[in-house]
């Protein structure tokens, strides 16, 4: 119930699971540094703010590890 895809330098990740969140969910991506540009779990979208705003994510062994709260979507941009 997780969908992830790349479009240019953007990574879109959707967790459609209604009850299960995932910790350290691995997604294979090109090397680099990724910043969250959209998090549907932010308070301004009536979410629970479970992901720290402004957090930078680094690729380890060509894999990006993310926390994916249930019923959320993330968009990350490669720096």
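Residue numbers (the working numbering): 591 to 669. In this text, a Cβ means the ideal position worked out from N, Cα and C, and glycines have one as well.
Considering only their Cβ atoms, is the gap separating residue 653 from residue 616 smaller than 8 angstroms? Yes, Cβ-Cβ distance for residue 616 and residue 653 is below 8 angstroms.
For residue 641, the nearest candidate out of 649, 619, 612 (CA to CA): 612
Flag residue 658 as yes when its Cβ comes closer than 7 angstroms to any non-hydrogen atom of the ligand NAD, and as no otherwise. Because no ligand of any kind appears in the structure shown, any question about the ligand NAD cannot be addressed here.
Continuous beta strand (DSSP E) stretch holding residue 653: start and end: Start and end: 653 to 658.
I'd like to know whether the C-beta atoms of residue 614 and residue 655 end up nearer to each other than 8 angstroms. yes
According to DSSP, residues forming a beta bridge with residue 608: BP columns for residue 608 are empty, so no partner.
When the Cα atoms are used, what is the spatial distance from residue 669 to residue 663? Residue 669 and residue 663: Cα-Cα distance of roughly 20 angstroms.
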